[in-house]
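See structure below.
Protein chains: 2
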Amino acid sequence: MTTVVQGCAWNRADAASTGSAGAAGAPAPGSLREVAMASRGAAQIVQSLTDEVGPRLAGSSASRAAVEWAVRTLQARGFANVHTEPVTVPHWQRGEERGAVVSPVAQPVQLTALGGSIGTPPGGLEAEVVEVDSLEALDKLGRAAVAGKIVFYNVPMPRARDGSGYGKAVQVRGAGAIRAAALGGVGVVIRSVGTDQNRLPHTGAMRRDENSPTVPAAALSIPDADLLHRLLTEHKSVRLALILGCRWLPDAQSANVIGEIPGSGAPDEIVLLGAHLDSWDLGTGALDDGAGVGIVVNAAQLIGSLQLRPRRTVRVILFANEENGLSGARAYAQAHQIEAAKHIAALEADAGTARAYALRYLGAPEGRARLLEIAAGLKPLGIDFDDADAHGGADLGPLRALGVPMIDLAQDVTTYFDFHHTANDTFDKIDPEALAQVSAAVALAANGIANMNGDFGRVPPDKRESNRGGLLRMSF
Amino acid sequence: MTTVVQGCAWNRADAASTGSAGAAGAPAPGSLREVAMASRGAAQIVQSLTDEVGPRLAGSSASRAAVEWAVRTLQARGFANVHTEPVTVPHWQRGEERGAVVSPVAQPVQLTALGGSIGTPPGGLEAEVVEVDSLEALDKLGRAAVAGKIVFYNVPMPRARDGSGYGKAVQVRGAGAIRAAALGGVGVVIRSVGTDQNRLPHTGAMRRDENSPTVPAAALSIPDADLLHRLLTEHKSVRLALILGCRWLPDAQSANVIGEIPGSGAPDEIVLLGAHLDSWDLGTGALDDGAGVGIVVNAAQLIGSLQLRPRRTVRVILFANEENGLSGARAYAQAHQIEAAKHIAALEADAGTARAYALRYLGAPEGRARLLEIAAGLKPLGIDFDDADAHGGADLGPLRALGVPMIDLAQDVTTYFDFHHTANDTFDKIDPEALAQVSAAVALAANGIANMNGDFGRVPPDKRESNRGGLLRMSF
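Protein chains in written order, with this note's numbering: chain A, 3 to 478; chain B, 3 to 478.
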């Protein structure tokens, strides 16, 4: 069932107020670029979402408030066909959480439950710690060394502009608890998957499998992981205590929120701009993914404000529950399966606040030249075309599987993982100028695609599966 | 009563192992400098204290463990006359603490009780917020605008190499609760006194006065103070809820810990090197003041390792409870009042991990030339003599009042207040090379003073009072 919210008519007055200066003929990419670079709309949207809603984990009452906020915001910004589409989401709740080294010295450590962890018994859990640096190393240790212990996965994440350090480090977050349980481990702590040195642990989803036993699992802040490592180096035995009050509640109802800039010539052909509306509960989700929401909403609004409406429809989708299981992504692909062939391209913004540096393509080989033409307009923003395949973003995986072409605007994520999934993900980290650059690039790319002659075909069948699958994907 | 711990004899073997290469005649400052700059002893001491003891707030069981650690450490490092001197300390305990904006939107905020705050009623406290930027602004608002409200002191601290932004910002931490209570306020939140953008609030002592009513008081992390300010700008009324479980317990017994490098010629004349052993409870006190402990213990040990023992005694004192009321400082000055005239100079290290850049003097005008001569030896470390009066450090105030000359080695505190009094004050923030530079400078200065002909006289009576007094002093 689709809940349709009354969409207000596309607001010409609003368009004029954004300072659009499109020519009467072809859209003028120069002027769109200038207007977009001067716009602070993306940052204003992030501020509104984070100040007026705040943290919005799937299933929480705040996540419902976020849906209302999104409908209100898209309507106020003149989108057409603003509506919600139902999504069933898991409802996991964090509770009290505490940790401490209890011997050979007693001192508290900062930790937070991984999303989806089971809780500890009410009195908590105490055991000796065994440290490993990979899943393979744990398996090598075997049951005799692991049974009855808390497994400490200590895998550092290297800092990199393209976030390439994430893939390896995140493996233990996803699979660590099940693998530890299989060898008789009683709990898991991981070194936070991040690049900072703050005592703010990084949460994030862990794998859940009805058929596999699991154990309570938490992330230590990086300084606390360093401490535990030093103590394990100096002492024969280190014992850790943890209390995790997290728990699973019955599934809840949520929604993807959609709004459109209707195409003037081929309104049934869709250029999809996505971001996710949900966030983890520790911060206010300003970077992840308030920034993406601001980028795509502002970009589409700017396209709508052009005097010459694009030929194809630019559709914005704000996905429910990316973080804890990609429910919104699956629901959209399922509900729009028949329409998938009409999706000319899809782009997701989900990489924080920093500037974009590369444009990437994944579609039929013969379509690439069309994007290269559009890429020329992004060059003045400092964005180069990159021959590597686009990936698409976590929420676009199911569409990619259906053959929908993917466009990436790669942002510099050098500092993104200092804040990712922590309490530190707040509005003060937003860089309004950088966000304007990304939003300008999205606007130029989407407008170009919405107006280009021909299309990108379909993603070749051998490239439709995300390169890592599940939690180990390259998107964040 | 003085508890004397059996001091082991000054250990020549240990001295040799530190690579001392002092000449048979006058001590060779060049070689002391080189050995000290290469030493990583200061950082090792900080690691040992923070890993093996951790947070050590006055009155806590860990603060007792810290005293044992200090005695053990000074003995193992070959100090003579290692002993403790009793200090009665206040015992304040942090409990559960939580805060949230409850209207016009509901979202949690990160806060921590100020040291010495009373707790809220068990169910917490909820009230409308009134924001001011100074104590004076609060007084101007008057009772009608303040009664029944939570006062939000929003005073930013500018970043500066010399920490000069601290003095003004810290005033509301000290006096804010009593001033709010006087106008009928029911609670206080301050913008953390710090220069970071982390969601880690900065605690710190607040004024306590048996005769003045007070209210529960907490520090918001800086991003949360920014949020509250934005909400108050956008909305007519903002309500905040807080629960502080902190409480006062009966005074506890603690100790100053002392060890000496006995003088070879004038052992009753003392060059005092101080740092404080206690820390706040949120971090492990690596910067505040583990670093100072490492700097002075290592510096004195290096002096002791010189082939030529200095003429005067170099005494290291690790003060109890600097943070929550300067108990150790007062106890030492009282117990050693008669001996004060024999204190040739005193220096305290209590400014974190970064390099020293200036040497300052406070004593009789005719003594200044003697320090200038010693200062020449610090020039190769990048340290200049600065004509401004030395201040002395918080724990040295009572000695300064007695006329004891003060020496400052000013460290660069540009980033110190990113971590100060937060959970982020942990060992990973220590820069071993910079710490070696400071320790080398302290060793050179103390050794020079211990060997110089003549002395610094006494601090002129009009300069014996700390320039700001109490909590508003320039030391941190």
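All residues carry an ideal CB built from backbone N, CA and C; glycine is no exception.
(request) Sort B:38, B:171, B:35, B:50 by Cα distance to residue 292 of chain B and report the nearest one. (result) With distances taken between Cα atoms, residue 292 of chain B lies closest to B:50.
(message) Can you confirm whether residue 240 of chain B, when its beta carbon is compared against all beta carbons of chain A, has any partner nearer than 7 Å?
(response) no
(message) Among A:392, A:256, A:144, whose alpha-carbon lies nearest the alpha-carbon of residue 73 of chain A?
(response) Comparing Cα-Cα distances from residue 73 of chain A to each of A:392, A:256, A:144, the minimum goes to A:256.
(request) Please determine, among B:252, B:393, B:411, B:451, the residue with the shortest C-alpha to C-alpha distance to residue 92 of chain B. (result) B:252
(message) For residue 244 of chain B, list the residues DSSP reports as bridge partners.
(response) Its beta-bridge partners are B:101, B:127.
(message) Per DSSP, what are the beta-bridge partners of residue 278 of chain B in this structure?
(response) B:321
(request) Please say whether residue 189 of chain B and residue 218 of chain B have beta carbons closer to each other than 7 Å? (result) yes
(request) For the segment 228-239 of chain A, enumerate the residues whose C-beta is nearer than 8 Å to any C-beta of chain B, in chain order. (result) Answer set for the segment 228-239 of chain A: 228, 229, 232, 233, 236.
(request) Examine the Cβ distances between the segment 418-429 of chain A and the segment 368-377 of chain A and report whether three or more of them are shorter than 8 Å. (result) Judged by pairs of C-beta atoms under 8 Å, the segment 418-429 of chain A does not touch the segment 368-377 of chain A, as fewer than three such pairs exist.
(request) Show which residues of chain B have a CB atom less than 7 Å away from the CB atom of residue 54 of chain A. (result) 107
(request) Could you check how far apart the C-beta atoms of residue 148 of chain B and residue 140 of chain B are, in whole angstroms? I think they sit under 8 Å. (result) 7 Å
(message) Counting only Cβ pairs nearer than 8 Å, list the residues of chain A close to residue 430 of chain B.
(response) Here the neighbours are 199, 224, 225, 228.
(request) Out of A:330, A:362, A:393, state which residue places its alpha-carbon closest to the alpha-carbon of residue 378 of chain A. (result) A:362
(request) Report buried or exposed for residue 160 of chain B, applying the criterion of at least 16 other Cβ atoms within 10 angstroms of its Cβ. (result) It is exposed - the Cβ of residue 160 of chain B has fewer than 16 other Cβ atoms within 10 Å.
(request) In angstroms with no decimal places, state the Cα-to-Cα distance between residue 224 of chain A and residue 205 of chain A. (result) 12 Å
(request) Kindly list the residues whose CB is nearer than 8 Å to the CB of residue 339 of chain A, restricted to its own chain and excluding five residues on each side of it in sequence; keep chain order. (result) 404
(message) Taking its Cβ as the centre, do 16 or more other Cβ atoms sit within 10 Å of residue 142 of chain A, making it buried, or is it exposed?
(response) Residue 142 of chain A comes out exposed.
(message) Could you check whether the Cβ of residue 479 of chain B sits closer than 7 Å to any Cβ belonging to chain A?
(response) It is not possible to answer for residue 479 of chain B, since the shown part of chain B is limited to 3 through 478.
(message) Give me the subset of the segment 112-123 of chain B whose CB atoms are less than 8 Å from a CB atom of chain A, sorted by chain position.
(response) 112
(request) Within 10 angstroms of the Cβ of residue 336 of chain A, are there 16 or more other Cβ atoms? Answer buried if so, exposed if not. (result) Of the other Cβ atoms in all chains shown, fewer than 16 fall within 10 Å of the Cβ of residue 336 of chain A; this residue is therefore exposed.
(message) Strictly by DSSP, which residues pair up with residue 88 of chain A?
(response) Answer is A:257, bridged to residue 88 of chain A.
(request) Kindly indicate if chain A contains any beta-carbon less than 7 Å away from that of residue 220 of chain B. (result) no
(request) Have a look at the DSSP bridge pairing and note the partners of residue 350 of chain B. (result) B:276
(message) For a cutoff of 7 Å on Cβ pairs, would you count residue 453 of chain B as touching chain A?
(response) no
(message) Helix, strand or coil for residue 27 of chain A? Go by DSSP, reduced to three states.
(response) Caution applies to residue 27 of chain A, whose pLDDT of 42 falls short of 50 and renders its modelled position unreliable; the value that the coordinates give is listed next. In the structure shown, residue 27 of chain A sits in coil (DSSP, three-state: anything other than H, G, I, E or B).
(message) residue 179 of chain A and residue 216 of chain A - do their beta-carbons sit closer together than 7 Å?
(response) yes
(message) Using only the alpha-carbon positions, how far apart do residue 157 of chain A and residue 413 of chain A sit?
(response) 24 Å
(message) Run through chain A and tell me which residues come within less than 8 Å of residue 382 of chain B, C-beta to C-beta.
(response) Here the premise fails: no neighbours, minimum Cβ distance about 31 Å.
(request) Anything in chain A within Cβ reach of residue 57 of chain B, meaning under 8 Å, just list it in chain order. (result) 109, 110
(request) Could you say if the segment 434-445 of chain B and the segment 44-59 of chain B meet the contact criterion of at least three C-beta pairs nearer than 8 Å? (result) yes
(request) Using a Cβ-Cβ cut-off of 7 Å, state whether residue 68 of chain A counts as contacting chain B. (result) no
(message) In this structure, how does DSSP classify residue 345 of chain A when only helix, strand and coil are distinguished?
(response) strand
(message) Beta-carbon within less than 8 Å of residue 461 of chain B's beta-carbon, same chain only, minus the 5 sequence neighbours each way: which residues are those?
(response) 364, 365, 366, 402, 405, 406, 407, 408
(request) Using a Cβ cut-off of 7 Å, pull out every chain A residue sitting near residue 426 of chain B, in sequence order please. (result) 200, 201
(request) Mind the definition here: the segment 311-329 of chain B touches the segment 56-74 of chain B only if three or more C-beta pairs lie below 8 Å; say whether that holds. (result) Segments in contact, yes.
(request) Enumerate in chain order the residues of its own chain whose CB-to-CB distance from residue 243 of chain A is below 6 Å, with the five nearest sequence positions on each side excluded. (result) 102, 104, 126, 128
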